[in-house]
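Enquirer: Can you keep this structure in mind? I'll have questions shortly.
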């Protein structure tokens with residue numbers, strides 16, 4: 001990562017968010033999931049659970065993460081442009097640091113179950 005890229009991030013995001021996102025990338029916690037039916041999305045293994053990031057949605061909110069921070073800080077209060085998981089996905093893609101995994105339709109229930117465990121544990 002260049003100093004120029006890091007400075008650009010610092011103009012847009014708080015340092016705490018940048019550090020948290022870079023930590024996820026450094027620990028290789030960003031997984032690009034490519035489905036057999038043509039969808040690409042990301043699983044980010046956060047500190048308290050596994051979160052799904054959808055980067056290209058055909059909606060008013062073109063990116064979505066199912067973490068509580070995205071709901072509260074991005075969607076409701078609009079304090080942030082994105083959560084650390086979404087930023088980690090963007091940085092990991094730019095740096096080509098995403099682990100990649102192909103998933104078939106029969107794998108989908110296990111992906112959904114990992115997401116559901118977040119809400120059951122809360």
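Numbering (full-length UniProt numbering), first residue to last: 1 to 122.
All residues carry an ideal CB built from backbone N, CA and C; glycine is no exception.
Given the structure is predicted, the values throughout are model-derived calculations rather than measurements.
1. In chain order, what residues of the same chain lie with their CB nearer than 6 Å to the CB of residue 73, ignoring the 5 residues before and after it?
2. Is it buried or exposed for residue 181, if we count other Cβ within 10 angstroms and need 16 for buried?
3. Can you confirm whether the region 1-18 touches the region 39-59 when touching is taken to mean that 3 or more C-beta pairs between the two stretches lie within less than 8 Å?
4. Taking the alpha helix (DSSP H) that residue 24 belongs to, which residues open and close that run?
5. What distance in whole Å lies between the Cβ atoms of residue 30 and residue 94, which are believed to be in contact at a cut-off of 8 Å?
6. Select from 37, 36, 59, 55 the residue whose C-alpha is nearest the C-alpha of residue 88.
7. From residue 37 to residue 109, what distance separates their C-alpha atoms?
8. Tell me the DSSP secondary structure of residue 73 in three-state form.
Expert: So, from the listed chains and residues:
1. Excluding positions up to five away in sequence, the list reads 79, 80.
2. Given that the chain is displayed from residue 1 to residue 122, the structure contains no residue 181 and the question cannot be resolved.
3. Contact fails: fewer than three Cβ-Cβ distances are below 8 Å.
4. Residue 24 -> alpha helix (DSSP H) spans 15-26.
5. Their Cβ separation, rounded to whole angstroms, is 11 Å, which puts residue 94 and residue 30 out of contact at 8 Å.
6. Checked all of 37, 36, 59, 55; the closest Cα to residue 88 is 55.
7. Distance from the CA of residue 37 to the CA of residue 109, rounded to the nearest whole angstrom, comes to 15 Å.
8. Helix, per DSSP.
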